[in-house]
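K.L.:
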Amino acid sequence: GEAWVALASTTLGSDTAEVTFTSPDDGSSLDWSQFMDLVLISYGRSTESAAASYGRIYLNNDSTSANYPWQSLYGNGSAVTGASGTGYGYIQGGFFPAATAGANIFGVNVVHLFDINSGKYKSAVSQSAADTDGSGYVSLDATTWKSQAPITEIDIKLNNANNILAASRFDLFGILPRMVA
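Shown next, in the form of structure tokens:
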């Protein structure tokens with residue numbers, strides 16, 4: 008079989024406050040317990056009217072700020088910023104351009120969650136980019152989720168209580184262990 012397995016996909020029909028993916032935990036081919044990693048790919052916009060919103064990814068309903076130490080590298084075409092900290096309480100889920108950014112402008116985000124079923128802390132790498140007609144941005148974020156529990160739920164929200172705009176799309180893939188001769 009393929010190393011990447013499509014687990015779930017959703018394209019929003021209306022503005023939505025939160026997108027949730029949950030493992031069926033039923034032993035089926037879509038049960039997350041069989042996968043090494045998960046990859047979440049999103050194309051999104053925000054209902055925000057002034058600037059881009061930032062995606063927030065919570066694992067297993069955990070929003071404890073000390074459980075998500077992070078490092079970030081961000082660029083907007085005129086400056087590059089590096090930062091680190093522990094105060095967020097979520098994984099950086101990328102950029103979601105404002106509804107006013109222009110027609111059909113979406114941010115793309117790829118979040119790789121590593122060793123989701125191991126008994127160790129989980130690592131995540133988030134890559135994000137968006138071009139809002141000349142004022143775009145890119146970022147690379149690394150986060151550790153300080154929990155030894157398997158990942159069984161992923162919740163995606165935006166900052167400042169913004170909604171995710173209709174037509175935004177989210178795809179979740181499971182990565183199987185693979186041995187090559």
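If you read the sequence shown in the working numbering, its first letter stands for residue 8, the second for the next number, and so on. Ideal Cβ placement from N, Cα and C applies to all residues, glycine included. Computed from a prediction, not measured in an experiment: that's the story for all the values here.
Output needed for Ile98: all residues of its chain with C-beta closer than 6 Å, excluding positions within five of it in sequence on either side, in chain order.
P.N.:
Numbered from its first residue, the sequence shown carries residue 98 at position 91. Contacts found: Ile64, Ala131, Thr150.
K.L.:
In terms of DSSP beta bridges, what is Phe121 paired with?
P.N.:
By 1-based counting over the sequence shown, the position of residue 121 is 114. Note: Phe121 sits in a beta bridge opposite Ser130.
K.L.:
Which residue or residues does DSSP assign as beta-bridge partners of Asn116?
P.N.:
Taking the first residue of the sequence shown as position 1, residue 116 is located at position 109. Answer is Ser49, Ser135.
K.L.:
When the Cα atoms are used, what is the spatial distance from Gly96 to Tyr75?
P.N.:
Translated into positions along the sequence shown, residue 96 becomes position 89. Translated into positions along the sequence shown, residue 75 becomes position 68. Near 5 Å, if we compare the C-alpha coordinates of Tyr75 and Gly96.
K.L.:
Thinking just about the alpha-carbon of each residue, which of Val117, Asp38, Ala86 is nearest to the one in Gly62?
P.N.:
On the sequence shown, position 55 is the one that residue 62 refers to. The shortest Cα separation from Gly62 among Val117, Asp38, Ala86 belongs to Val117.
K.L.:
Can you tell which of Asp32, Gly20, Thr17 has the C-alpha that lies nearest to the C-alpha of Pro157?
P.N.:
In the sequence shown, residue 157 corresponds to position 150, counting from 1. Nearest of Asp32, Gly20, Thr17 to Pro157, Cα basis: Asp32.
K.L.:
Using the C-alpha atoms, what's the distance from Leu66 back to Ser30?
P.N.:
As a first step, residue 30 is located in the sequence shown; it is residue number 23 there, counting from the start. As a first step, residue 66 is located in the sequence shown; it is residue number 59 there, counting from the start. Between Ser30 and Leu66, the C-alpha separation is close to 12 Å.
K.L.:
From the DSSP output, read off the bridge partner residues of Ser146.
P.N.:
In the sequence shown, the residue the question calls residue 146 occupies position 139. DSSP, once it has assigned bridges, lists Tyr81, Ser135 as partnering Ser146.
K.L.:
Using CA coordinates, which residue listed in Tyr81, Gly82, Leu19, Ser72 is at the minimum distance from Ala53?
P.N.:
Reading the sequence shown from its first residue, position 46 is the one you call residue 53. Note that residue 53 is Ser in the sequence shown, not Ala. Minimum Cα distance to Ser53 is reached at Leu19.
K.L.:
May I have the straight-line CA-CA distance separating Leu80 from Leu165, to the nearest angstrom?
P.N.:
The count along the sequence shown starts at 1 and reaches residue 80 at position 73. The count along the sequence shown starts at 1 and reaches residue 165 at position 158. Rounded to whole angstroms, Leu80 to Leu165 spans 20 Å at the Cα level.
K.L.:
What is the residue span of the beta strand (DSSP E) that Asp162 lies within?
P.N.:
The residue labelled residue 162 in the question sits at position 155 within the sequence shown. Taken as a continuous stretch (DSSP letters only), the beta strand (DSSP E) holding Asp162 covers 160-165.
K.L.:
Could you tell me which residues DSSP pairs with Asp44 in its beta bridges?
P.N.:
On the sequence shown, position 37 is the one that residue 44 refers to. In DSSP, Asp44 forms a bridge with Ile182.
K.L.:
How big is the Cα-Cα spacing for Ser91 and Gly51?
P.N.:
Working through the sequence shown from its first residue, we reach residue 91 at position 84. Working through the sequence shown from its first residue, we reach residue 51 at position 44. Near 25 Å, if we compare the C-alpha coordinates of Gly51 and Ser91.
K.L.:
Indicate the three-state DSSP secondary structure (helix, strand or coil) for Ser60 in the structure shown.
P.N.:
Reading the sequence shown from its first residue, position 53 is the one you call residue 60. DSSP places Ser60 in strand when its eight states are reduced to three.
K.L.:
With DSSP collapsed to three states, give me the class of Ser91.
P.N.:
Position 84 of the sequence shown, counting from 1, holds the residue named residue 91. Reduced to three states, the DSSP call for Ser91 is strand.
K.L.:
Do Thr139 and Pro104 have their beta-carbon atoms positioned less than 9 Å apart in this structure?
P.N.:
What you label residue 104 is simply residue 97 of the sequence shown in a count that begins at 1. What you label residue 139 is simply residue 132 of the sequence shown in a count that begins at 1. Against a cut-off of 9 Å, the Cβ pair of Thr139 and Pro104 comes out as a contact.
K.L.:
Where do the ends of the beta strand (DSSP E) carrying Ala108 lie?
P.N.:
In the sequence shown, residue 108 corresponds to position 101, counting from 1. Here Ala108 belongs to no beta strand (DSSP E), and DSSP marks it neither H nor E.
K.L.:
Are the Cβ atoms of Asp162 and Val46 separated by less than 9 Å?
P.N.:
As a working mapping, residue 162 is identified with position 155 in the sequence shown. As a working mapping, residue 46 is identified with position 39 in the sequence shown. Cβ atoms of Asp162 and Val46: not closer than 9 Å.
K.L.:
Could you tell me the alpha carbon to alpha carbon distance between Ser21 and Tyr144, rounded to whole angstroms?
P.N.:
Within the sequence shown, residue 21 is the residue found at index 14, counting from 1. Within the sequence shown, residue 144 is the residue found at index 137, counting from 1. The alpha-carbon atoms of Ser21 and Tyr144 are separated by roughly 26 Å.
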